[in-house]
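Trainee: Each residue of the sequence shown is one higher than the last, beginning at 4 in the numbering used here. Got a structure here, written out as structure tokens. Questions coming.
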Amino acid sequence: MLVQVVKSKIHRVKVTNADLNYIGSITIDEDLMDAAGIIEGERVQIVNNNNGERLETYAIPGPRKSGEITLNGAAARRVQKGDVLILIVYAFMELEEAKKFKPQLVFPNEETNLLE
4 MLVQVVKSKI HRVKVTNADL NYIGSITIDE DLMDAAGIIE GERVQIVNNN
54 NGERLETYAI PGPRKSGEIT LNGAAARRVQ KGDVLILIVY AFMELEEAKK
104 FKPQLVFPNE ETNLLE
């Protein structure tokens, strides 16, 4: 049996931009992606602490050390610059593996979105 568990989480990052005219996705500083073990194109759940919205899209890397968190395409309508988000990625694994698994949790600087 496979179960779905939290693989990684980036906790409390601020939206730096919202680009309605981009094709879609969330742009994430590549340093944050690496720290959380998120790969390009991976499905990401976005929880907006400011308005309670939850949505899903896929990750694309942004410039390293930029702190960029940009919601693109239709998702841009669900955030405002400065909103605080939690980004969550899930994975399927066998039950016994899931019992031992520890997710990668990333807590960047809440003002800059950078790793300290």
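We put the beta carbon where it would ideally sit given N, CA and C, even for glycine.
1) With which residues is residue 87 paired in a DSSP beta bridge?
2) Use the C-beta contact count for residue 12: other C-beta atoms within 10 angstroms, 16 or more gives buried, fewer gives exposed.
3) Cα-Cα, which of 117, 113, 4, 102 is closest to residue 68?
4) Could you give the DSSP three-state label for residue 36: helix, strand or coil?
5) Can you name the residues that DSSP bridges to residue 12?
6) If you run the structure through DSSP and keep just helix, strand and coil, what is residue 97?
7) Under 6 Å Cβ to Cβ from residue 75, same chain only, skipping five residues before and after it: list those, please.
8) Can you tell me whether residue 44 is buried or exposed? The criterion is at least 16 other CB atoms within 10 Å of its CB, across all chains shown.
9) Mapping the DSSP letters down to three states, classify residue 80 as helix, strand or coil.
Mentor: Per the coordinate set shown:
1) The beta-bridge partner set that DSSP reports for residue 87 consists of 17.
2) Classification for residue 12: buried.
3) Comparing Cα positions, the closest option is 117.
4) In the three-state scheme derived from DSSP, where H, G and I count as helix and E and B as strand, residue 36 is classed as helix.
5) Residue 12 pairs with 91, 108.
6) Residue 97: strand per DSSP, three-state reduction.
7) Closer than 6 Å at Cβ, skipping near neighbours: 22, 25, 27, 28.
8) Result: exposed.
9) The answer is helix: DSSP assigns residue 80 an H, G or I state.
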